[in-house]
Amino acid sequence: MRSRYDVEADELAELLGSEPAFRARQVFDGLHRGLRRPEEMTDLPISLRTTVAELLPAALHAEATSVTDDGETTKFAFRLDDGAAIETVLMGYRDRVTACVSSQAGCAMGCSFCATGQAGYRRQLSVGEIVEQVVEAARAAQPRRLSNIVFMGMGEPMANYDRVLAAVRRINGPLGIGARKITISTVGIVPGILRLAAEPEEVGLAVSLHAANDVTRDKLVPINRRYPLGMLADACEAYVEATHRRLSFEWALIDGVNDRPSDAAQLAAYARPLRAHVNLIPLNPTPGYLVRGTGPARVAEFTQELEAQGITATVRNTRGREIDAACGQLAVKVELKGS
Ligand code: SAH
Ligand code: SF4
Numbered sequence: 007m008r009s010r011y012d013v014e015a016d017e018l019a020e021l022l023g024s025e026p027a028f029r030a031r032q033v034f035d036g037l038h039r040g041l042r043r044p045e046e047m048t049d050l051p052i053s054l055r056t057t058v059a060e061l062l063p064a065a066l067h068a069e070a071t072s073v074t075d076d077g078e079t080t081k082f083a084f085r086l087d088d089g090a091a092i093e094t095v096l097m098g099y100r101d102r103v104t105a106c107v108s109s110q111a112g113c114a115m116g117c118s119f120c121a122t123g124q125a126g127y128r129r130q131l132s133v134g135e136i137v138e139q140v141v142e143a144a145r146a147a148q149p150r151r152l153s154n155i156v157f158m159g160m161g162e163p164m165a166n167y168d169r170v171l172a173a174v175r176r177i178n179g180p181l182g183i184g185a186r187k188i189t190i191s192t193v194g195i196v197p198g199i200l201r202l203a204a205e206p207e208e209v210g211l212a213v214s215l216h217a218a219n220d221v222t223r224d225k226l227v228p229i230n231r232r233y234p235l236g237m238l239a240d241a242c243e244a245y246v247e248a249t250h251r252r253l254s255f256e257w258a259l260i261d262g263v264n265d266r267p268s269d270a271a272q273l274a275a276y277a278r279p280l281r282a283h284v285n286l287i288p289l290n291p292t293p294g295y296l297v298r299g300t301g302p303a304r305v306a307e308f309t310q311e312l313e314a315q316g317i318t319a320t321v322r323n324t325r326g327r328e329i330d331a332a333c334g335q336l337a338v339k340v341e342l343k344g345s
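In terms of this note's numbering, the sequence shown is residues 7 to 345.
Structure, rendered in structure tokens:
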């Protein structure tokens, strides 16, 4: 059965066939602009609220919600109808509120240092399962307004391209979050980057680079063997040329693996022609990868080494680490517990 956010406006009208057209619009607006559940749509007759709830069940069932001590980061663990589990993270900042959403249950890319990769792939998420994560995050953010979306949760968005793009369009239109405030993060799936470059929406792109030589990158990010750095750079260039948007590279700093001065020099040489911005994230601990993240002093030096070579870099803090909500830490603990 399709879930609440799996239907587009015209499909909803069809589903509510016997109702006047304005009712379908009211329901669609209530779900999206109002962020309301059917039972909260007090502008509808009670019988219609019940019909909508029955025809369009929720896709996500909250299993657990954890909040950091400072209250600024919340992780939601959701169970899906077939028992799969996903996670969504909400992060409040002074100037924005960002939701980090999942695009797949698990991930097939097998990056060694990533908890989702370590757990393996389960299945694609539907459009509704992606959009509902945004709605749940937006509800939880209130009274603040959810302003930014990053596809940096579980899964590889470019491996679920059509559904991710359909979700982007819904987030963009009915949910009212501009394409410029939405970022898709990819491990470097070249055909996906080229497709994104050709879309009318100016969605932001982050590429998880982590190494700027093929020998190291092959080890950290196995898909590099299929789409090596040369091919990846060409795709990034096509994206930048087509969209005139600034690209960012994600770089998880791993002690002794990709944090030496020679690594900074290779990264600078790779990023410079693309005028890419670099986001540095000290590696977060995960159970299946025993190498440590780079310490603060070396992180600062690495940043300076990049800046000396003309590359702008931001150190991203490890938001939500204490609740396993930080980058790369999302895994399916609830699934293990529940099965
Ligand atoms: N599959 C996509 C998006 C989800 S991962 C991608 O790989 O880009 C989101 C980000 O978290 C990526 O940049 C990924 O490389 C990074 N990441 C994964 N494991 C991490 C870890 N243990 N510490 C820090 N960042 C990590
Ligand atoms: Fe998948 Fe991204 Fe994790 Fe790699 S880093 S395993 S692509 S979620």
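Quick reminder that beta carbons are idealized off the backbone N, C-alpha and C, glycines included.
Tell me whether MET47 counts as near ligand 1, meaning its Cβ is closer than 7 Å to at least one heavy atom of that ligand. no
Can the beta-carbon of ARG186 be found closer than 8 Å to that of GLU205? no
Does the distance from the CB of ILE260 to the CB of VAL297 come in under 8 Å? yes
Express the C-alpha separation of ARG266 and GLY182 in angstroms, rounding to a whole number. 43 Å
Residue interval of the beta strand (DSSP E) (run including LYS81): 79–85
Are there any heavy atoms of ligand 1 lying less than 7 Å away from the beta-carbon of CYS242, as far as the coordinates show? no
I'd like to confirm something about VAL5: is its beta-carbon nearer than 7 Å to some heavy atom of ligand 2, or not? The shown model of the chain, from 7 to 345, leaves out residue 5, and the question about it has no answer.
Thinking just about the alpha-carbon of each residue, which of GLY262, ASN264, MET97, VAL196 is nearest to the one in PRO234? VAL196
Taking the alpha-carbon of SER37 as reference, which of LEU18, THR192, GLU307 has the nearest alpha-carbon? Correcting the residue type first, residue 37 is Leu in the shown sequence and not Ser. It is LEU18 whose Cα lies nearest to the Cα of LEU37.
What do you reckon, is the C-beta of SER214 under 7 Å from a heavy atom of ligand 2? yes
Hey, how far is the Cα of ILE136 from the Cα of ALA271? 38 Å
By DSSP, does MET97 sit in helix, in strand, or in coil? strand
Got a sec? Which residues, its chain only, sit under 6 Å from PHE34 by beta carbon, not counting five neighbours each side? ALA15, LEU18
Residue list, Cβ distance to ligand 2 heavy atoms smaller than 5 Å: CYS113, MET115, CYS117, CYS120, THR122, GLY123, GLU162, VAL193
Rounded to whole angstroms, what's the CA-CA distance from VAL284 to PRO302? Just pull it up for me. 17 Å
According to DSSP, is GLY344 helix, strand or coil? Annotation note: pLDDT 39 at GLY344 (below 50); position unreliable, coordinate value reported separately. It is helical.
Where SER1 falls: helix, strand or coil (DSSP): The displayed coordinates of the chain run from 7 to 345. Any statement about residue 1 would go beyond what the structure contains.
Own chain partners of ARG10 with C-beta closer than 6 Å, once the 5 adjacent residues on each side are dropped: LEU62, ALA64
Inter-residue Cα distance where the pair is LEU336 and ALA274: 29 Å
Between LEU22 and ARG145, which are expected to be in contact by the criterion C-beta below 8 Å, what is the C-beta distance as a whole number of angstroms? About 23 Å; that fails the 8 Å criterion.
Please report how far the alpha carbon of VAL13 lies from the alpha carbon of THR222, in whole angstroms. 43 Å
Beta-carbon spacing of ILE287, ALA331 below 8 Å: no
Assign CYS242 to one of three DSSP states: helix, strand, or coil. helix
What number of angstroms, rounded off, separates the C-alpha of MET237 from the C-alpha of SER108? 26 Å
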